[in-house]
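Okay, so here's the structure we're looking at.
Numbering (the working numbering), first residue to last: 15 to 247.
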């Protein structure tokens, strides 16, 4: 009987070790997933790789529409001299220096629209801290309008929500936290447009912004609700 128990214990331990090795292998694979534009796969983005990405519509689109985590991996992998320049660009955003920064970007072949997307992405990067980060409790509640449950709101899901009175009402009447989760989950290109809408609110540009919204099927009232929600973030 003791011999049988020993065999059983060894079998269980072997199975547990196999499971652990499988999980660790999967984690290792996840951590080594390719970084956008990292052509040589060395985990760093060189100047030539960064320039190649900005000249490639496909890679640019992949970066600007990637998840926050994937974008963060790209910006963190950039050669330090490039990161410093992009951080300066981000700090200039929304200040009197922005027009000069755009002028310099355009001289280097970077469009104003791309410069703005990059500045916003750099601003969204988490600040580095030497202090131990507190434990994060992941909210597993479904995000409003996230039909496929992947934690992201695509353009088609956003359009579906704005055409659905029920989903629209759910969003506009949701808690601040739930609204924030929705706006944070939006595809990056949509978030950029909504941030521009929010910045136009209360300025002479608002009437033009409303005109553009109505042309795209978004009412003035809904545009105002979205602008206020984005400003509150």
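Don't be surprised by glycine CBs; every beta carbon is placed ideally from N, CA and C. These numbers were taken from a predicted model, which means no experiment stands behind them.
Compute the minimum distance between the beta carbon of residue i and the heavy atoms of the ligand NAP, and state whether it is under 7 Å.
i	result
residue 137	Absence of the ligand NAP is noted for the structure shown, with no ligands found whatsoever.
Determine, using beta carbons only, whether residue i and residue j come nearer to each other than 8 Å.
i	j	result
residue 127	residue 115	no
residue 196	residue 224	no
residue 199	residue 240	no
residue 49	residue 80	no
residue 65	residue 53	no
Could you tell me if residue i is buried or exposed, where buried requires 16 or more neighbouring beta carbons within 10 angstroms of its beta carbon?
i	result
residue 246	exposed
residue 20	With a pLDDT of 42 at residue 20, under the threshold of 50, the predicted position of this residue should be treated as unreliable, though the coordinate-derived value follows. It is exposed - the Cβ of residue 20 has fewer than 16 other Cβ atoms within 10 Å.
residue 222	exposed
residue 193	buried
residue 202	buried
residue 129	buried
residue 191	exposed
residue 235	exposed
residue 61	exposed
residue 87	buried
residue 242	exposed
residue 56	exposed
residue 171	buried
residue 120	exposed
residue 28	For residue 28, the pLDDT reaches just 42, beneath the cut-off of 50, and the residue's location in the model is therefore unreliable, although a value from the coordinates is still provided. Residue 28 is exposed by the Cβ-count criterion.
Have a look at the options and flag the residue whose alpha-carbon is nearest the alpha-carbon of residue i.
i	options	result
residue 95	218, 123, 58 and 86	58
residue 131	121, 110 and 205	205
residue 209	73, 108, 82 and 51	108
residue 83	231, 135 and 159	135
residue 186	159, 111 and 169	159
residue 137	100, 162, 238 and 218	100
Work out the CA separation of residue j and residue i for me, nearest whole Å.
i	j	result
residue 233	residue 227	7 Å
residue 174	residue 117	38 Å
Is residue i close to chain C, meaning its C-beta is less than 8 Å from at least one C-beta of that chain?
i	result
residue 71	Note that chain C does not occur in the displayed structure, where there is just one protein chain.
Can you list the alpha helix (DSSP H) stretches of 4 or more residues lying completely in the region 117-141, in chain order?
126-137
Please go through the region 62-90 and give each complete alpha helix (DSSP H) segment of 4 or more residues, from N-terminal end onward.
71-78
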